[in-house]
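Notes follow once the structure below has been shown.
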Amino acid sequence: MPTFIQTENAAQSAEKLALAVAQNLRDTLEKQAHATLAVSGGKSPIAFFQALNQQDLDWARVQIALVDERVVPTSHADSNTGLVRQHLLQNQASAAKYLPMIADHADEGSLKNINQAIEFALQNYVQPDVLVLGMGADGHTASIFPQAPQFDDAIRADYPQTLIHTTPVTAPHERISMTLAAIEATPFVYLAIAGAEKKAVYEQALLKKSQEYPISYVLNSEKVNANVFYNN
Ligand SMILES: O=C1O[C@H](COP(=O)(O)O)[C@@H](O)[C@H](O)[C@H]1O
1042 MPTFIQTENA AQSAEKLALA VAQNLRDTLE KQAHATLAVS GGKSPIAFFQ ALNQQDLDWA
1102 RVQIALVDER VVPTSHADSN TGLVRQHLLQ NQASAAKYLP MIADHADEGS LKNINQAIEF
1162 ALQNYVQPDV LVLGMGADGH TASIFPQAPQ FDDAIRADYP QTLIHTTPVT APHERISMTL
1222 AAIEATPFVY LAIAGAEKKA VYEQALLKKS QEYPISYVLN SEKVNANVFY NN
């Protein structure tokens, strides 16, 4: 059962989430040489990234990865890599190592070879210690989308890879996404959501696992104790 943390506003949510994630990274670094944080993209995480990049920790031993990426060049306006570079890998966090899903030299043409793109992402994959999920108003999380043909594979416990190629029918761009099994293997899992519309979806998703709301598989997983940060 997730722990629901409601804050007064977006700034407070971003700050509290950044403090919690930074502490998880410090705790992990006490036990390991490196700590890996996977973050989501989309429109929501900018304030969190800006709060996190000022946290005092040994960033040189931190690796930043993505939960999911759009299969577009990293210079594209919709690239999650671009968002992370612009807002997270700044200030103190500029010392962190970025683990890319899409190669910087990849263009629209070479990205048509999706097997090559997936292979690149898998070569750079490190199992995260901490993960921050987002959720779309359609209930998708990472790039596991409700009506995508790869949905069953994405939630299969025995899917042979940690990352999967998905083709959403309700959103632009092909995607590369962590699978549910890879999400479930992460010790610290957060979900950050804002607004009444997403809260209503979250409440529906809490009721039972359902393809209608892919986030429901994380929220109702016996392997995950997610902390959910919410502001209206
Ligand atoms: O496409 C994506 O959407 C979700 C949610 O994004 P938001 O813009 O509604 O915050 C995001 O978590 C995911 O990483 C992203 O690729």
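Our numbering runs 1041 ahead of the 1-based position in the sequence shown.
For every residue, glycine included, the Cβ atom is placed at its ideal position computed from N, Cα and C.
Mind checking residue i: buried by the 16 CB within 10 Å criterion, or exposed?
i	result
VAL1103	buried
HIS1181	buried
ASP1109	buried
ARG1216	buried
PRO1190	exposed
VAL1167	exposed
GLY1177	buried
PRO1255	buried
ASN1273	exposed
SER1151	exposed
LEU1060	exposed
ALA1079	buried
ILE1105	buried
Under the three-state reduction of DSSP, which class applies to residue i: helix, strand or coil?
i	result
TYR1271	strand
ILE1196	helix
GLN1047	strand
THR1182	strand
Hey, quick one: how far does the alpha helix (DSSP H) through residue i stretch, first residue to last?
i	result
GLU1160	1155-1164
GLN1127	1121-1128
The beta strand (DSSP E) that contains residue i, what's its start and end?
i	result
LEU1174	1171-1174
HIS1206	1204-1207
GLU1110	1109-1111
For residue i, collect the residues of the same chain with a Cβ closer than 8 angstroms to its Cβ; drop the 5 residues on either side in sequence, then sort them by chain order.
i	result
ASP1148	PRO1114
ILE1087	LEU1124, HIS1128
LEU1204	MET1142, ILE1159, ALA1162, LEU1163, TYR1166, ILE1217, SER1218, MET1219, THR1220, ALA1223
PRO1213	ARG1111, ASP1119
LYS1057	ILE1046, THR1048, PHE1270
Return the chain-ordered list of same chain residues with a C-beta closer than 6 angstroms to the C-beta of residue i, the five sequence neighbours on each side being excluded.
i	result
SER1251	SER1257
LEU1265	As written in the sequence, residue 1265 is Val, which differs from the Leu given in the question. Only GLU1225, VAL1230, VAL1259 meet the Cβ criterion.
PRO1209	PHE1186, ALA1189
ALA1076	LEU1066, THR1069, LEU1070, VAL1103, ASP1170
Near residue i, what residues of its chain come up, given a Cβ to Cβ distance below 7 angstroms and the 5 sequence neighbours on each side ignored?
i	result
ALA1134	LEU1093, ASN1094, TRP1100
ALA1063	LEU1093, GLN1096, LEU1098
SER1085	GLY1175, ALA1233, ALA1235
PRO1228	ASP1170
ALA1195	ILE1185, ILE1205, THR1207, SER1218, THR1220, LEU1221
GLY1083	GLY1175
Scan the region 1066-1105 and note each continuous beta strand (DSSP E) run of 3 residues or more that stays entirely inside, going in chain order.
List check, beta strand (DSSP E) in window: 1076-1080.
Only counting runs of 4 or more residues, tell me where the alpha helix (DSSP H) segments fall wholly within the region 1216-1270, in order along the chain.
Secondary structure in the region 1216-1270: the alpha helix (DSSP H) runs of 4 residues or longer, each lying completely within the stretch, are 1221-1225, 1237-1248, 1256-1260 in chain order.
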